[in-house]
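J.:
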Amino acid sequence: MGRRYRATGADGTLTITDVTDITRPVCLGAAHLDGAGTWQVRTARRSCRTPARDLSDAIALLHEIAWPTRTPWPQAPS
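Following my numbering, the numbering of the sequence shown begins with 1035 at its first residue and continues without gaps.
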């Protein structure tokens, strides 16, 4: 089962929210399309991040910031 997102727009800015759990939506941040055709992404905490080429990249970037990839168990020494 995948995650679900909602994007709401106002004044050229999209607010991106993870709505997988409808009882507890999580605001991931916002993306604003600049004049160069890239999305300027800001997290919900307003920190700047790398521009994204398209909206799906912006969502993936915000998701990774909100829930960083973790190793599910400690790795044994090599």
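From the three backbone atoms N, C-alpha and C, an ideal C-beta is built for every residue, glycine too.
One question on the structure: do G1077 and I1099 come within less than 8 Å of each other, judged by their Cβ atoms?
T.: Translated into the one-based positions of the sequence shown, residue 1077 becomes position 43. Translated into the one-based positions of the sequence shown, residue 1099 becomes position 65. What sits at residue 1077 in the sequence shown is Thr, not Gly. Cβ atoms of T1077 and I1099: closer than 8 Å.
J.: By a C-beta neighbour count over all protein chains shown, 10 Å radius and 16 as the cutoff for buried, is D1052 buried or exposed?
T.: Position 18 of the sequence shown, counted from the first residue, corresponds to residue 1052. Classification of D1052: buried, given that the 10 Å Cβ count is 16 or more.
J.: For D1052, report the span of its beta strand (DSSP E) as first-last.
T.: Residue 1052 sits at position 18 when you count from the first residue of the sequence shown. 1047-1052 is the span of the beta strand (DSSP E), which, as asked, contains D1052.
J.: Could you have a look at A1064 and say whether DSSP puts it in helix, strand or coil?
T.: Here residue 1064 is taken as the residue at index 30 of the sequence shown, counted from 1. It is a strand residue.
J.: In this structure, what does DSSP give as the bridge partners for A1086?
T.: Taking the first residue of the sequence shown as position 1, residue 1086 is located at position 52. In the DSSP output, where bridge partners are listed per residue, A1086 has W1073.
J.: Going by C-alpha distance, which of W1101, Y1039, T1049 is nearest D1055?
T.: In the sequence shown, counting from the first residue as 1, residue 1055 sits at position 21. Minimum Cα distance to D1055 is reached at Y1039.
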